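Student:
Residue numbers (our numbering): 1274 to 1655.
#1: Check this for me: beta carbons of residue 1333 and residue 1285, under 7 angstroms apart or not?
#2: Contact check, residue 1585 vs residue 1364 under 8 angstroms by CB: the rounded distance?
#3: Could you tell me which residues DSSP pairs with residue 1611 in its beta bridges?
#4: Using three-state DSSP, classify residue 1406 as helix, strand or coil.
#5: Start and end of the alpha helix (DSSP H) containing residue 1659?
#6: Determine the direct distance from the alpha carbon of residue 1457 to that of residue 1596, and round the result to whole angstroms.
#7: What's the C-alpha gap between residue 1394 and residue 1444?
#8: Check for me: the alpha helix (DSSP H) holding residue 1528 runs from which residue to which?
#9: Distance check for residue 1431 and residue 1515, CA to CA, integer angstroms please.
#10: Under 6 angstroms Cβ to Cβ from residue 1279, same chain only, skipping five residues before and after it: list those, please.
#11: Terminal residues of the continuous alpha helix (DSSP H) containing residue 1448?
#12: Compare the Cα-Cα distances from residue 1526 to each of 1350, 1427, 1418, 1288 and report the closest residue.
#13: Between residue 1348 and residue 1277, which are expected to be in contact by the criterion C-beta below 8 angstroms, what is the C-beta distance as a whole number of angstroms?
#14: DSSP has residue 1336 in a bridge; who is on the other side?
#15: What does a CB cutoff of less than 8 angstroms around residue 1404 pick up in its chain, not counting 5 residues either side in sequence?
#16: Indicate whether residue 1582 and residue 1628 have their beta-carbon atoms separated by less than 7 angstroms.
#17: Looking at the unbroken beta strand (DSSP E) that takes in residue 1289, where does it start and where does it end?
#18: When you compare only the Cα positions, how much space is there between residue 1614 and residue 1493?
#19: Span of the beta strand (DSSP E) holding residue 1496?
#20: Tell me whether residue 1409 is buried or exposed, calling it buried when 16 or more other Cβ atoms sit within 10 Å of its Cβ.
#21: Do you know offhand how far residue 1385's Cα is from residue 1605's?
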């Protein structure tokens, strides 16, 4: 699977642009602020129906315009598909596949998988548990529709229960109804997350070893209140009075977290040190890179399609050796299509040529593609 072409109108800082891509490596190069990341974000929209960096779709409409439109043509196992995302001011966002509107955006998730690696990935380590839960949800939802449906239903029920807890007229019978739904959907989510981490951990360790030459050991642990041994139903019941005081639900899979650990040779337990506190910037960046590469491989194993890999500002916080290791990895044929952004055209072109990697390079200046360079002979990927 690969993205053959991209057409954008009034999206962020782009009035209009049309690009044709290589099925291998594509590079967007230019100064900061010219819109390199915006192109990656447009591709992200075509996969996830939403921005990677902006929570509000309206904010992605170009100033003084009434709408934005993103159209992408994908080649997949010999078939051509056109995906469209259109957002008008004061209107509902529209997602289309081959000119047919989706009724539910969740129907689209997973059809054209994408993995994004960006400087924002440090949030996986430094921010709260909600960011790490979102990571699990994004990965699992791309191949498991039942999980996505359960997650949507759980969050809706959680919102209803929290609203009830804030009400002056608390209805215990209605609370029990909500509890049953939380137990039903929450248990499914917990089991899926447990299975996911069991498979994901080995892939993560493999890529961390590849990027660090096996010099460090790391671990990801799944932490959930449902692991405590007490049934979820009993936990909800025992916390009901506390929840009424707090006015929100204090137990459940919405409190899950991933514990990210790195080796500490001075400790009796090698895996007791949080990478957030004790990992260097380079170690933290390698940690998140390994998580994203494992996400790509896991998605590939689950649905058979090689996700498109988006690498935003890959030289940020990575030393030269690890950049070379990363590009050597993504230059392999089994990684499929890759998009890279960088500020130094000569550096990126030199490294890719040294690695004998096929690429197409777009030099961007003030919203315009001023030229592009192709290296070697492109080959088709499905």
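The C-beta atom is built at its ideal place from N, Cα and C for all residues, glycine as well.
If you're wondering where the values come from, they're calculated on a predicted model, not measured in any experiment.
Tutor: Reading from the atomic positions:
#1: Contact: yes.
#2: Incorrect: roughly 29 angstroms between the Cβ atoms, too far for contact.
#3: Beta-bridge pairing links residue 1611 to 1298, 1582.
#4: Reduced to three states, the DSSP call for residue 1406 is helix.
#5: It is not possible to answer for residue 1659, since the shown part of the chain is limited to 1274 through 1655.
#6: Rounded to whole angstroms, the separation of the alpha carbons of residue 1457 and residue 1596 is 45 angstroms.
#7: Taking the Cα positions, residue 1394 is about 42 angstroms away from residue 1444.
#8: Here residue 1528 belongs to no alpha helix (DSSP H), and DSSP marks it neither H nor E.
#9: Approximately 16 angstroms between the Cα atoms of the pair.
#10: Counting only Cβ-Cβ distances below 6 angstroms, and skipping sequence neighbours, we find 1292, 1345.
#11: Looking at the DSSP string, the run of the alpha helix (DSSP H) that includes residue 1448 is 1445-1485.
#12: When only C-alpha atoms are compared, the closest one is 1427.
#13: Rounded to the nearest angstrom, the Cβ distance from residue 1348 to residue 1277 is 5 angstroms, consistent with a contact under 8 angstroms.
#14: According to DSSP, residue 1336 bridges with nothing at all.
#15: So the qualifying residues of the chain are 1396, 1397.
#16: Cβ distance not < 7 angstroms, so residue 1582 and residue 1628 don't count as in contact.
#17: Run containing residue 1289: 1287-1293, per the beta strand (DSSP E) assignment.
#18: Taking the straight line joining both Cα atoms gives about 29 angstroms.
#19: Residues 1491-1496.
#20: Buried is the call here.
#21: Their backbone Cα atoms lie some 20 angstroms apart in a straight line.
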